[in-house]
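Chains as they are written, first to last, in this note's numbering: chain A, 33 to 376; chain B, 1022 to 1335; chain C, 11 to 346.
Built from N, CA and C at the ideal position, the CB exists for glycine as well.
Worksheet: the structure to be examined is printed underneath.
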Amino acid sequence: MSATMSLKDDATPSTGPLLSVEDLRVTFQRHGEKPFTAVDGVSFDVHPGQTVGLVGESGCGKSVTSLALMGLLPKRGNRVEGRATYEGTDLLSLSDKEMRDRRGRDIAMIFQDPLSSLNPVVSIGIQVTEVMERHQGMSRKDAMPRARDLLERVGIPDPNARLKNYPHQLSGGMRQRALIAMALACEPRLLIADEPTTALDVTIQAQILALLKELVQDTGTALIMITHDLGVVAGLCDEVNVLYAGRIVERGDRHRLFARPRHPYTHGLLSSIPRLDSPRGEKLTPITGSVSDNLPWTSACAFAPRCSHALDVCRQESPPWEWESDGRGLRCFNPVDPEEVRRG
Amino acid sequence: MTSYGDRRRERIDDLAAAASVDETPGVSLIASAWRRLRRDPIFLVGLAITVAFIILAVISPWIAPHDPASAPLLDKVRPQTNPVPGPEPGFPLGGDDRGRDLLSRLLVGSRQTLVVGVFATIFGLLGGMALGILAGSFGGAVDSIVMRIVDVMLSVPSLLLAFTIAALAARPGQTTLIIAIAIIQVPIFARLLRGSMLGQRASDHVLAARALGVKRRAIVFRHMLPNSMGPVIVQATLVLAIAIIDAAALSFLGLGSPDDRQPEWGQMLGRSQEFIYDHPHLAVYPALCIIVVALGFTLMGESMREALDPKTRR
Amino acid sequence: MVRFIVRRILQMAGVLVALSMLLFVWLKALPGGPVSAILGERATPARREALEAALGLDQPVYVQYIRFVQRALRGDFGASTAVIPGEDAFQVFLIRLPATIELAICAMVLAVALGIPLGYLAARRKGSPLDSSLVVFSLIGVAVPVFFTAFLLKYFVAVEWNLLPVSGKQDASLDATRVTGLLILDGLLTREWDAAWDAVRHLILPAVALATIPFAIIFRITRASVLDTMDADFVRTAEAKGLEAKVIRSRHVLRNAMLPVVTVIGLSLGGLLAGAILTETVFSYPGIGDAIYQSQRDKDYAVLTVLILAAAAIFVIINLLVDIAYAVLDPRIRTR
């Protein structure tokens, strides 16, 4: 797309991971309340150009993970431990100022609700150009044509007029496209999308996902896709991490994970969505119970009370993380038998 | 969008929204707010002041050392040389310009102040409730007409309206004062109740009751009204403080009761002006009483508003 | 934008019509009414009827109202009986207006100049001792009746310590030249520095007393609004863009947080008009508020009617201006 992009590519040969998250742990401590561990030892890698999904119910720690990586958690009331190595630098140990220099330039983020995520009293043009002014030392005058091109690139019709518009004058889908344009303004090598389609209509959702997919392919940007929607994951991600109560319970290549889920939770998620190709009369099986039934990970499997496969050991010991032969990881004492899935 | 009336409207509507938070029947809403308030020092200070004030108002005739209407110090009053008798044994704060015991008048004055505040609030609430129920439970044209009237009332500065009403009344007096202050509260309560009722009209428990064939009146009084009580209590607490301050202001401007056998703080303050430079304590004592009581209601009301506010609640 | 202003003006007219009706009905329907007020309760029936006819009170109500409105539109409300005896009531209003304008502007400038920065500071340091003490101070500000603040200031600063004048708006012995009627401005225009300074000295105490009401309101809304905005999603977006803290504060937080503050300045003007009655009375400051008090006390109904209608009209006009300012700040309204 431009000179800066290719420079970056030369500087880091694409051998190792772009981002390596190791044992990330986020604990919230409110005054006078018990500490709450929202993210409990999460590790995963993102390779250049790769799309990695973080999937789970609300409250499983997926959004907290992304905010922790961006250094956007509130300054007080929480503790972040572990490492997040981005091109050799641990993001979590950076100072406020250093992290500020990287946000928007190296790592950018797209949020869930495009209306509230845009400043209502500042024009779209300025909201796009301010990133370039900040990180690339451009004047607003020079940045405006670039902003125009960006809006065009993300599929916003009549970009010249849109630059002068305010967020309320755009439709929901257009707003999300504008947010994507802002995130891409400095050609970051890593993009984090936190439920980017949840607040949109179904038809718009598909358009935005198609756009993201296309942009990722064209620019070579790596993407961390955070979602509760397995449909989003299926169309977009190379690798999928399933989170439950702050821990990754299953990881695998998208195709294998969907074809043969091993963790009962993943299996439950998959069989609770209706499928067009399933035989008539087949029942949907929802996951029973709710997150409030969870056991602590330290002495059990958190999912055990809701699990159809739970054994006695599940309530007494914490299941360890194990790698399977086909390169996927699993945290379960009694995984679902692949044959059982096939039988339906 | 944004005029004075609109801003006041927004504030009221925010509070009204507290009643229609889903699946939170009024009682448990209040219970959850109470759990948070119990540990809130600002609320507790306000509550302590309020309770002390109410107890004082009830028992004051028995603990007052003298009859507030009698004039035991009358022979000490010298209009030219010593218009206001100073403290002496048995009269720790001295007397007023008519030789009555100041302490007793302050103590008993709490009663009339409470009466003015409470009645102005109750009348305002009843008026507002009538309009609000009318608008909120019928909707449509009734709603539009009632709310236009309410909005016009809200867009006039309230003390100016109260002053106008009291000033134009032929006979100044405590009743006029109470009515004037009650009238300026009517639109506030009307909007509050209407907002919380309209919010509930669409809520599941009201729809369910309607689907079951429960009569409209029963739905309004048994289901909708109880749920609106939380916000109404908060607003009433704040309105009480404003009513007491406004009553004092109107009394100060000479619109209070001309009959001073029954002491009232606002009226004592108003009457003290004549002697304000030589004997400022006549003004300071009732003013301090008003400030402390108004502060009590305000602290309590504001902390309750915050506890009930759906925005601050997680 | 034009439609917005037109709609506002229509709304304004509605408020004034409603208020004029209210005033008219009250003047008519209250026991006694103006006739008793002027003649006293025990006037002879013959004298009452004569006065009623003179005032047009024997006509049908709607005729009376139309005549009332017609005269009001010409500024003809009759002559003052007490405030400035014999002077046209509308003239009384014009004579008294500049002093109140001066007072209200000074009070509002004070309240804004203190309320917004302190509110912002309190929000930035939420929960700190500074924040808590400012919040409690502002709540006390709400609970202290403005006339008591005025009295305390007058008693200590003017009477006991003799630092500033006790009452009035300018020392008559200065014999200052009048240009606009705004005394400080006049003093500056005519280079009568001592006159301007004397007017300032007279204005300080009433302005400070009057400023306490809008200060408390502006402080609290600024604090709440900044707190709200700091939590807003778009501020998180700005953080995610790596913008400098300075840019985030000015462009993203403050610009949005100021919207409700602008509104509330309009709201405070309502309190100012009512507060001016109390403050001007305490300081015998010859403005509209003092005239409202006097006309009420002395049953000068012509002046009272003019002043109440005028106060409401001024208030509504200021609100229109505030709305326009708001529309300029908020594109969601401007571009509709």
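For residue i, tell me which candidate among the options has the shortest Cα-Cα distance.
i, options, result
"P224/C", "T187/C, V152/C and T110/C", "V152/C"
"W1286/B", "I1075/B, L1128/B, A1069/B and G1116/B", "L1128/B"
"R209/A", "S75/A, D138/A, L182/A and N197/A", "L182/A"
"V1253/B", "G1067/B, V1079/B and M1325/B", "M1325/B"
"A217/A", "L327/A, Q168/A, T97/A and E65/A", "Q168/A"
"D1172/B", "F325/C, A323/C, V332/C and A28/C", "A28/C"
"P1307/B", "R1132/B, T1196/B, P1106/B and I1199/B", "R1132/B"
"T251/A", "G88/A, D261/A, T235/A and P220/A", "P220/A"
"L113/C", "I19/C, A219/C and D181/C", "A219/C"
"M1150/B", "G1194/B, W1083/B, L1180/B and L1213/B", "L1213/B"
"S1278/B", "I1209/B, W1055/B and A1188/B", "A1188/B"
"P175/C", "V236/C, L339/C and P216/C", "P216/C"
"D72/A", "W353/A, R360/A, G284/A and I188/A", "W353/A"
"S322/A", "K66/A, S98/A, G88/A and K173/A", "G88/A"
"L1181/B", "L128/C, L314/C, I327/C and M22/C", "L314/C"
"E282/A", "P177/A, E356/A, L56/A and D174/A", "E356/A"
"A1328/B", "G1251/B, R1215/B, P1208/B and Q1221/B", "G1251/B"
"I240/A", "A225/A, R286/A and H299/A", "A225/A"
"E249/C", "N151/A, F68/A and V234/A", "N151/A"
So, with DSSP's three-state summary, where would you put residue i?
i, result
"E227/A", "coil"
"R1126/B", "helix"
"N172/C", "coil"
"I139/A", "strand"
"V1042/B", "Any reading at V1042/B must be qualified, since the residue scores a pLDDT of 47, below 50, and its modelled position is unreliable; the value itself is stated next. V1042/B: coil per DSSP, three-state reduction."
"G88/C", "coil"
"N1248/B", "helix"
"Y295/C", "coil"
"P41/C", "With a pLDDT of 47 at P41/C, under the threshold of 50, the modelled position of this residue cannot be trusted; read the value that follows with caution. Coil."
"I150/C", "helix"
"S235/C", "helix"
"E1109/B", "strand"
"R1326/B", "helix"
If I measure Cβ to Cβ from residue i and keep anything under 7 Å in the same chain, skipping five residues before and after, which residues do I get?
i, result
"L237/A", "The sequence given here has Gln at residue 237/A, not Leu. Within the same chain, Q237/A has close Cβ partners T229."
"L1155/B", "V1163 and V1167"
"G24/C", "none"
"A70/A", "V58, F60, G93, V96 and G278"
"F161/C", "V292"
Quick one: what's got a C-beta closer than 6 Å to residue i's C-beta in the same chain, skipping five residues either side?
i, result
"G85/A", "M257, V265, C269 and V272"
"G103/A", "M131"
"L123/A", "A116"
"L288/C", "V156 and F157"
"I334/C", "none"
"N75/C", "In the sequence as displayed, the identity of residue 75/C is Tyr instead of Asn. Cβ within range, chain order: F34."
List the residues that DSSP assigns as beta-bridge partners of residue i.
i, result
"A324/A", "Residue identity differs from the one stated: residue 324/A is Ser in this sequence, not Ala. Partner(s): none; S324/A has no beta bridge."
"R115/A", "E54/A"
"A1268/B", "Looking at the DSSP assignment, A1268/B forms no beta bridge with any residue, so it has no partner."
"E354/A", "L362/A"
"T222/C", "None; T222/C has no bridge partner."
"D285/A", "E271/A"
"G85/A", "M257/A and V272/A"
"V74/A", "L56/A"
"R1119/B", "In the DSSP output, where bridge partners are listed per residue, R1119/B has none listed."
For residue i, which residues in the same chain have their Cβ closer than 8 Å to its Cβ, ignoring the five residues on either side in sequence?
i, result
"E54/A", "S75, G114, R115, A116 and T117"
"V79/C", "S30"
"V375/C", "In the structure displayed, chain C extends from 11 to 346; residue 375/C sits before or after that span and is not available."
"A1183/B", "A1201, I1202, I1204, I1205, D1267 and L1271"
"V1066/B", "G1317 and L1320"
Would you say the beta carbon of residue i is closer than 7 Å to some non-hydrogen atom of the ligand SAH?
i, result
"N110/A", "No copy of the ligand SAH occurs in the structure displayed, which carries no ligand at all."
So residue i and residue j are supposed to be a Cβ contact under 8 Å. How far apart are they, rounded?
i, j, result
"A321/C", "L279/C", "Contact doesn't hold; Cβ gap of about 11 Å is too wide."
"S1217/B", "S1249/B", "4 Å"
"L222/A", "L50/A", "6 Å"
"L173/C", "P108/C", "Between P108/C and L173/C the Cβ distance is about 25 Å, and since that is not below 8 Å, they are no contact."
"K179/C", "P296/C", "6 Å"
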